[in-house]
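Read in order, the letters of the sequence shown correspond to residues 1 to 144 in UniProt numbering. Below you'll find the structure, written out as structure tokens, and then a few comments.
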Amino acid sequence: MVIEGVFEDENGRYPTGTYVRNPPGSGHTPGASEGCMIFVRLRQFHVDDRKQLVTRINVQGDQLLFENPHEKVWIQSVQSNLRIKILNPRGLELLVLDGTLVGEDFLLQPLSWMRLPSGMTFEAEAGVDGARLWLKDAAPTLGF
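What follows is the structure, given as structure tokens:
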């Protein structure tokens, strides 16, 4: 996911707010002639997943980025001071894109990343400016 700047490869240029999936077996030559910040999850695919995908992330609201029987990846917006609870049967990762989340024993700010083991429910309250999250629901051993 391109967080800032423009990520490039031989297939194109991907500006801020682009979600890119390059599955196992696909090859590319990454670059960033203008510089960029990306969030990368290497080798986090099911062995049968061969779908290459490039999606622009909506500026506001929730958005499903990818889903198959093995994983779900989505963007979720949380309104100001709203408490959220996400059940977690397989394993959950999240990256805070904007805003803050406060949990019982944690504070997540922009670019904070968290991984929870299966069975551990995620509960937090958004700060006064709300929060925008990238989330992935999948077993932590996916791809290994």
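All C-beta atoms, glycine included, are put in the ideal place defined by N, C-alpha and C. Treat the numbers as computed from the prediction; the structure is a model and nothing was measured.
Continuous beta strand (DSSP E) stretch holding residue i: start and end
i    : result
L142 : Here L142 belongs to no beta strand (DSSP E), and DSSP marks it neither H nor E.
D129 : 122–138
K51  : Segment: none, K51 is in no beta strand (DSSP E) and carries neither H nor E.
I57  : Per DSSP, I57 belongs to no beta strand (DSSP E) and is neither H nor E.
Residue i versus residue j: straight-line alpha-carbon distance, rounded
i    : j    : result
A124 : A138 : 20 Å
G27  : N81  : 43 Å
L97  : I57  : 12 Å
M37  : G119 : 32 Å
G31  : G5   : 11 Å
T16  : P69  : 28 Å
L108 : V40  : 19 Å
Coarse secondary structure for residue i, derived from DSSP in three states
i   : result
G35 : coil
P89 : coil
G27 : coil
E71 : strand
Chain C contact for residue i (CB, 8 Å cutoff)
i    : result
S118 : No chain C appears in this structure, which consists of one protein chain only.
Residue i vs residue j beta-carbon contact at 8 Å
i   : j   : result
G25 : R50 : yes
Q) With a cut-off of 8 Å, do at least 3 Cβ pairs link the stretch 67–74 to the stretch 113–129? A) Contact between the stretch 67–74 and the stretch 113–129 is absent, with fewer than three C-beta pairs closer than 8 Å.
(Q) When you compare the stretch 5–19 with the stretch 46–61, are there three or more beta-carbon pairs, one atom per stretch, that lie closer than 8 Å? (A) Touching, per the Cβ criterion.
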